[in-house]
Amino acid sequence: MKEVLTVANKEFHDGLRNRWLVSITLIFAALSIGLTYFGGAASGEIGITSLSTTVASLASLAVFLIPLIALLLSYDSFVGEQESGTLLLLLTYPLSKTQLLLGKFLGQGSIIALATLLGFGASAVVLYLQIEDLSVLVTFSLFIASAILLGLSFTAISYLISLMVSEKSKAAGFALIVWFFFALAFDLAILALLVGVEEGLSQSLLTQLMMLNPADIFRLVNLAGLDSSDVNGVLAIAINSSMSQAQLFSILIAWVILPLTLATFIFKKKKL
Amino acid sequence: MSNMLVSLESVSKSYKQLDALQSITMSLAQGEVLGLFGHNGAGKTTMMKLILGVISPSAGQVEVMGVAPDSKEAWHSRAKIGYLPENVSFYEQLTGLEVLTYFAKLKGFNKKTAIDLLEQVGITHAMKRQVKTYSKGMRQRLGLAQAFIGEPKLLLLDEPTVGLDPIATADFYQTVDQLKTNGSSVILCSHVLPGVEQHIDRAMILSSGKLLAMGTLAELRQKADLPVTIKPGGLNGAISENSKLMSYLNGSKDILHVPEPNKLQVIRELMAYEAINDLHVEHANLEQVYQYYLKQHKQSQSPQQALNNGEQQS
Numbered sequence: 001m002k003e004v005l006t007v008a009n010k011e012f013h014d015g016l017r018n019r020w021l022v023s024i025t026l027i028f029a030a031l032s033i034g035l036t037y038f039g040g041a042a043s044g045e046i047g048i049t050s051l052s053t054t055v056a057s058l059a060s061l062a063v064f065l066i067p068l069i070a071l072l073l074s075y076d077s078f079v080g081e082q083e084s085g086t087l088l089l090l091l092t093y094p095l096s097k098t099q100l101l102l103g104k105f106l107g108q109g110s111i112i113a114l115a116t117l118l119g120f121g122a123s124a125v126v127l128y129l130q131i132e133d134l135s136v137l138v139t140f141s142l143f144i145a146s147a148i149l150l151g152l153s154f155t156a157i158s159y160l161i162s163l164m165v166s167e168k169s170k171a172a173g174f175a176l177i178v179w180f181f182f183a184l185a186f187d188l189a190i191l192a193l194l195v196g197v198e199e200g201l202s203q204s205l206l207t208q209l210m211m212l213n214p215a216d217i218f219r220l221v222n223l224a225g226l227d228s229s230d231v232n233g234v235l236a237i238a239i240n241s242s243m244s245q246a247q248l249f250s251i252l253i254a255w256v257i258l259p260l261t262l263a264t265f266i267f268k269k270k271k272l
Numbered sequence: 001m002s003n004m005l006v007s008l009e010s011v012s013k014s015y016k017q018l019d020a021l022q023s024i025t026m027s028l029a030q031g032e033v034l035g036l037f038g039h040n041g042a043g044k045t046t047m048m049k050l051i052l053g054v055i056s057p058s059a060g061q062v063e064v065m066g067v068a069p070d071s072k073e074a075w076h077s078r079a080k081i082g083y084l085p086e087n088v089s090f091y092e093q094l095t096g097l098e099v100l101t102y103f104a105k106l107k108g109f110n111k112k113t114a115i116d117l118l119e120q121v122g123i124t125h126a127m128k129r130q131v132k133t134y135s136k137g138m139r140q141r142l143g144l145a146q147a148f149i150g151e152p153k154l155l156l157l158d159e160p161t162v163g164l165d166p167i168a169t170a171d172f173y174q175t176v177d178q179l180k181t182n183g184s185s186v187i188l189c190s191h192v193l194p195g196v197e198q199h200i201d202r203a204m205i206l207s208s209g210k211l212l213a214m215g216t217l218a219e220l221r222q223k224a225d226l227p228v229t230i231k232p233g234g235l236n237g238a239i240s241e242n243s244k245l246m247s248y249l250n251g252s253k254d255i256l257h258v259p260e261p262n263k264l265q266v267i268r269e270l271m272a273y274e275a276i277n278d279l280h281v282e283h284a285n286l287e288q289v290y291q292y293y294l295k296q297h298k299q300s301q302s303p304q305q306a307l308n309n310g311e312q313q314s
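If you read the sequences in order, they're chains Z and F.
All residue numbers for the first sequence refer to this note's numbering, where the first residue is 1 and numbers rise by one.
All residue numbers for the second sequence refer to this note's numbering, where the first residue is 1 and numbers rise by one.
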């Protein structure tokens, strides 16, 4: 356990040193406070709009940004150390591959989690001070918790990428493709299915399909409770699904644990 | 075998197409320094990785401190092994002290150990600077400090003196001698190093995964039966007219290549010249011994290779 913490501590400090924590926090805070104030600008009003509009805009933005940031932060975690030779060296230390992986996950995961908490937490506080409604805090807690899980999930996915390729540049390319697939292409594909298939997809099948994408689960968690007028696209159909928040959260957690387990497995098989 | 610190028994390691190591048997006693020589791709690094337990052998048995290094039981002995990889660039954005503290902590030591080691390798003055500002030699020293963490029982050093200036190299060999006195075993891996001779107990020569020769330098030299080089001064080509000496002559210069048993006889003959004003006698050095075994290996292999190629074609 001590080894895991040593690695985690190093990774966390790397995140501080490289200004990752500061920049992610600032980006999240600027965007969320901006959206909170100007989210209604399109409909002609400035100032704080309804909670559901704010969360809807935040969620649709976060669903692009968080995976991208998580992938950027971690895509070179292993392949980078492999290229510089420190990975081989670390493996001759009394440190198991699982410990190394968990340590990195703990360190980099904390960076993502902390940035999400601080960045979006800031706008939660701003909004709460304006509206003074406890439901703000409840909604935002859900939003932040699911955003953290989304970030962790993509951190785990980027470890998978980082362990499967042998060059840093390839890992970067792969990360971009993975991001494009989960953030954009997946939804478009489902839409195409909806439109293209004659008999139409049943609502439950559609929801099940969406469980294959952590970004969609994140959207469902945050948009399910809102007015459907703020939601559009495939989600509007899936939203009235039978999934409870607890179920959605469990699947999102599975999306963290499964890639991480798979990454450990690949790491153990990996030749150096 | 069991009292040996490291023992390899007919160990082979092959990757898909490539036989990185073929049936290597060797052992290393406590307090022994072994020089491992071979050109690029000879299997030196593979052998080190096997001993470190980072990879597992395809055949044969590796034992380090009585256990297989790739097994779970070897876990606690890892803290007693130091390794300097051939190509390593430490975390550039960290300071030297931070890098070394990280590695020390992973081995169960603290910052103080790191500071002491940095002093030992002589980069205390730069320990608060980022590694990216370090010169090649300083990086190598940092790597060595890393390998020395926890006074290891076994040290594996891959090209340890690359990038070190002569003074630092001397310091390094002094440290190796000191570690040896303390009972540590060292495997020095390298292309041929000048000046390594007096610091190693035994040498091992590898080529394309095969063990070409192993033994003390004296043994290797004897087996190779290399001629002694004798350079007399002031003779101005008189040798080429001496029937006893002209057969030893090598090229146009006054350089004689004499087999070991004839050495004294030739020297006596040379001393008979009035004009001689200098005499330089040089025994075959490690590099020549190494070249000899490599050449022999190539010669013995070429007919066999032709045979293999023929088989593949048919």
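Glycine is no exception: its CB is placed at the ideal position from the N, C-alpha and C atoms.
Check your understanding: Can you list the beta strand (DSSP E) stretches of 3 or more residues lying completely in the region 219 to 266 of chain F, in chain order?
Key -> 228 to 233 and 256 to 258
Check your understanding: Given that a residue counts as buried once 16 or more other Cβ atoms are within 10 Å of its Cβ, and exposed if not, what is isoleucine 167 of chain F?
Key -> Taking the first residue of the second sequence as 1, we reach residue 167 of chain F at position 167. Exposed: under 16 other Cβ atoms inside 10 Å.
Review point. So is arginine 141 of chain F in contact with chain Z if we call contact Cβ pairs under 8 angstroms?
Key: Indexing the second sequence from 1 puts residue 141 of chain F at position 141. Not closer than 8 angstroms to any Cβ of chain Z, the Cβ of arginine 141 of chain F fails to qualify, so no.
Exercise for review: Please state whether DSSP places isoleucine 276 of chain F in a helix, a strand or coil.
Suggested key: Stepping through the second sequence from its first residue, residue 276 of chain F is reached at position 276. Reduced to three states, the DSSP call for isoleucine 276 of chain F is coil.
Check your understanding: Is glutamate 73 of chain F buried or exposed, if buried means 16 or more other CB atoms sit within 10 Å of its CB?
Key -> Counting from 1 along the second sequence, the entry for residue 73 of chain F is found at position 73. Taking every protein chain shown into account, the CB of glutamate 73 of chain F has fewer than 16 other CB atoms within 10 angstroms, so this residue is exposed.
Review point. Phenylalanine 78 of chain Z and serine 153 of chain Z: beta carbons closer than 8 angstroms?
Key: Along the first sequence, read from residue 1 onward, the residue named residue 78 of chain Z stands at position 78. Along the first sequence, read from residue 1 onward, the residue named residue 153 of chain Z stands at position 153. No. Outside cutoff.
**Study point:** Among F/Tyr273, F/Gly215 and F/Leu144, the one whose alpha carbon lies nearest that of glutamate 241 of chain F
**Key:** For the purposes of this step, residue 241 of chain F is taken as the residue at position 241 of the second sequence. Checking every option, the nearest Cα to that of glutamate 241 of chain F belongs to F/Tyr273.
Check your understanding: Are glycine 34 of chain Z and glutamine 108 of chain Z close, meaning C-beta to C-beta below 8 angstroms?
Key -> Here residue 34 of chain Z is taken as the residue at index 34 of the first sequence, counted from 1. Here residue 108 of chain Z is taken as the residue at index 108 of the first sequence, counted from 1. In this structure, glutamine 108 of chain Z does not lie closer than 8 angstroms to glycine 34 of chain Z by Cβ.
Practice item. Examine the Cβ distances between the region 178 to 189 of chain Z and the region 4 to 18 of chain F and report whether three or more of them are shorter than 8 angstroms. Key: no
Exercise for review: Report the residue from F/Pro152, F/Lys263, F/Ile276 and F/Asn285 whose alpha carbon sits nearest the alpha carbon of alanine 203 of chain F.
Suggested key: Against the second sequence, residue 203 of chain F aligns to sequence position 203. The option with the nearest alpha carbon to alanine 203 of chain F is F/Asn285.
Check your understanding: What in chain F is Cβ-close to arginine 17 of chain Z, meaning under 7 angstroms?
Key -> In the first sequence, the residue the question calls residue 17 of chain Z occupies position 17. For arginine 17 of chain Z, the chain F residues whose C-beta falls within less than 7 angstroms of its own C-beta are Gln93, listed in chain order.
Review point. For chain Z, is any of its Cβ atoms less than 8 angstroms away from the one on valine 176 of chain F?
Key: Within the second sequence, the letter at position 176 stands for residue 176 of chain F. Not closer than 8 angstroms to any Cβ of chain Z, the Cβ of valine 176 of chain F fails to qualify, so no.
Review point. Beta carbon of glutamine 99 of chain Z: closer than 7 angstroms to some heavy atom of the ligand ZN?
Key: Summarising the ligand content, the structure contains no ligands, and the ligand ZN is consequently not present.
Review point. Cα separation between histidine 257 of chain F and alanine 238 of chain F?
Key: Here the question's residue 257 of chain F lines up with position 257 in the second sequence. Here the question's residue 238 of chain F lines up with position 238 in the second sequence. Going from the Cα of histidine 257 of chain F to the Cα of alanine 238 of chain F covers about 16 angstroms.
**Study point:** Cutoff 8 angstroms: glutamate 3 of chain Z Cβ touching any chain F Cβ
**Key:** Locating residue 3 of chain Z in the first sequence gives position 3, where the first residue counts as 1. At least one chain F Cβ lies under 8 angstroms of glutamate 3 of chain Z.
Review point. For glutamine 313 of chain F, which three-state DSSP category applies?
Key: One-based indexing of the second sequence puts residue 313 of chain F at position 313. With a pLDDT of 42 at glutamine 313 of chain F, under the threshold of 50, the modelled position of that residue is not reliable, and the figure given next carries that caveat. Taken through DSSP and simplified to helix, strand or coil, glutamine 313 of chain F comes out as helix.
**Study point:** alanine 156 of chain Z versus glycine 38 of chain F: straight-line alpha-carbon distance, rounded
**Key:** Sequence index remark: in the first sequence, residue 156 of chain Z carries index 156 (1-based). Sequence index remark: in the second sequence, residue 38 of chain F carries index 38 (1-based). Cα to Cα, alanine 156 of chain Z sits roughly 41 angstroms from glycine 38 of chain F.
Practice item. Return helix, strand or coil for lysine 16 of chain F, following the three-state DSSP convention. Key: Here residue 16 of chain F refers to the residue found at position 16 when the second sequence is read from its first residue. Lysine 16 of chain F falls in the coil class under three-state DSSP.
Review point. Taking all protein chains shown into account, do 16 or more other C-beta atoms lie within 10 angstroms of the C-beta of valine 256 of chain Z, making it buried, or fewer, making it exposed?
Key: As a first step, residue 256 of chain Z must be located in the first sequence, where it is residue number 256. Around the CB of valine 256 of chain Z, 16 or more other CB atoms lie within 10 Å, so the residue is classed as buried.
Review point. Taking a cut of 7 angstroms between CB atoms, which residues from the region 68 to 102 of chain Z lie near chain F?
Key: Per Cβ criterion, the list reads Ser84, Gly85, Thr86, Leu88, Leu89, Leu91, Thr92, Tyr93, Pro94 and Leu95.
Check your understanding: Is the Cβ of leucine 206 of chain Z closer than 8 angstroms to any Cβ of chain F?
Key -> Within the first sequence, numbered from 1, the residue matching residue 206 of chain Z stands at position 206. No, leucine 206 of chain Z does not count as interfacial toward chain F.
Exercise for review: Could you tell me which residues DSSP pairs with arginine 202 of chain F in its beta bridges?
Suggested key: Your numbering for residue 202 of chain F matches position 202 in the second sequence. Residue pairing of arginine 202 of chain F in beta bridges, as defined by DSSP: F/Leu34.
Exercise for review: Taking C-beta pairs closer than 7 angstroms, name the residues in chain F that lysine 10 of chain Z reaches, listed in chain order.
Suggested key: Here residue 10 of chain Z refers to the residue found at position 10 of the first sequence. Near lysine 10 of chain Z (Cβ distances below 7 angstroms), the residues of chain F are Tyr102.
Check your understanding: Does any C-beta atom of chain F lie closer than 8 angstroms to the C-beta of leucine 272 of chain Z?
Key -> As a working mapping, residue 272 of chain Z is identified with position 272 in the first sequence. Interface residue, yes.
Check your understanding: So with Cβ pairs under 8 angstroms, would you call threonine 6 of chain Z a contact of chain F?
Key -> One-based indexing of the first sequence puts residue 6 of chain Z at position 6. True, the Cβ-Cβ gap to chain F drops below 8 angstroms.
Point to revise | Proximity test, Cβ basis, 8 angstroms: lysine 112 of chain F and chain Z | key: On the second sequence, residue 112 of chain F is found 112 positions in, with the first residue counted as 1. Chain Z contact via Cβ: absent.
Practice item. Could you spell out the range, first to last residue, of the beta strand (DSSP E) harbouring tyrosine 83 of chain F? Key: To locate residue 83 of chain F, count along the second sequence from 1; it is residue 83. Here the beta strand (DSSP E) through tyrosine 83 of chain F covers 81 to 84.
Practice item. State the beta-bridge partners of serine 27 of chain F as determined by DSSP. Key: Within the second sequence, numbered from 1, the residue matching residue 27 of chain F stands at position 27. Answer is F/Ser7.
Exercise for review: Out of F/Met65, F/Leu18 and F/Gly60, state which residue places its alpha-carbon closest to the alpha-carbon of serine 10 of chain F.
Suggested key: Position 10 of the second sequence holds residue 10 of chain F. The option with the nearest alpha carbon to serine 10 of chain F is F/Gly60.
Review point. Does phenylalanine 90 of chain F get closer than 8 angstroms to chain Z when you measure Cβ to Cβ?
Key: Counting from 1 along the second sequence, the entry for residue 90 of chain F is found at position 90. Interface residue, yes.
Exercise for review: Tell me, please, which residues DSSP counts as bridged to serine 129 of chain Z.
Suggested key: Sequence index remark: in the first sequence, residue 129 of chain Z carries index 129 (1-based). Inspection of the sequence shows that residue 129 of chain Z is occupied by leucine rather than by serine. Its beta-bridge partners do not exist; DSSP assigns none.
Point to revise | Neighbour-count burial assignment, glycine 183 of chain F, 16 or more Cβ in a 10 Å radius | key: As a working mapping, residue 183 of chain F is identified with position 183 in the second sequence. The residue in question, glycine 183 of chain F, is exposed, as its Cβ has fewer than 16 Cβ neighbours within 10 Å.
Practice item. Take threonine 169 of chain F and list the residues in its own chain whose beta-carbon comes closer than 6 angstroms to its own, dropping the five residues that flank it on each side. Key: Position 169 of the second sequence, counted from the start, is the residue given in the question as residue 169 of chain F. Thr161.
Point to revise | For isoleucine 24 of chain Z, the three-state DSSP class (helix, strand or coil) | key: Here the question's residue 24 of chain Z lines up with position 24 in the first sequence. When secondary structure is reduced to three states using DSSP, isoleucine 24 of chain Z falls in the helix class.
Exercise for review: Check whether the region 38 to 56 of chain F touches the region 172 to 183 of chain F, taking contact to mean three or more Cβ pairs, one atom from each stretch, closer than 8 angstroms.
Suggested key: At 8 angstroms Cβ cutoff, the stretches do not touch.
**Study point:** Interface partners of asparagine 182 of chain F on chain Z, CB under 8 angstroms
**Key:** Here residue 182 of chain F corresponds to residue number 182 of the second sequence, with the count starting at 1. Under the 8 angstroms cutoff, chain Z gives no residues; its nearest Cβ is about 21 angstroms from asparagine 182 of chain F.
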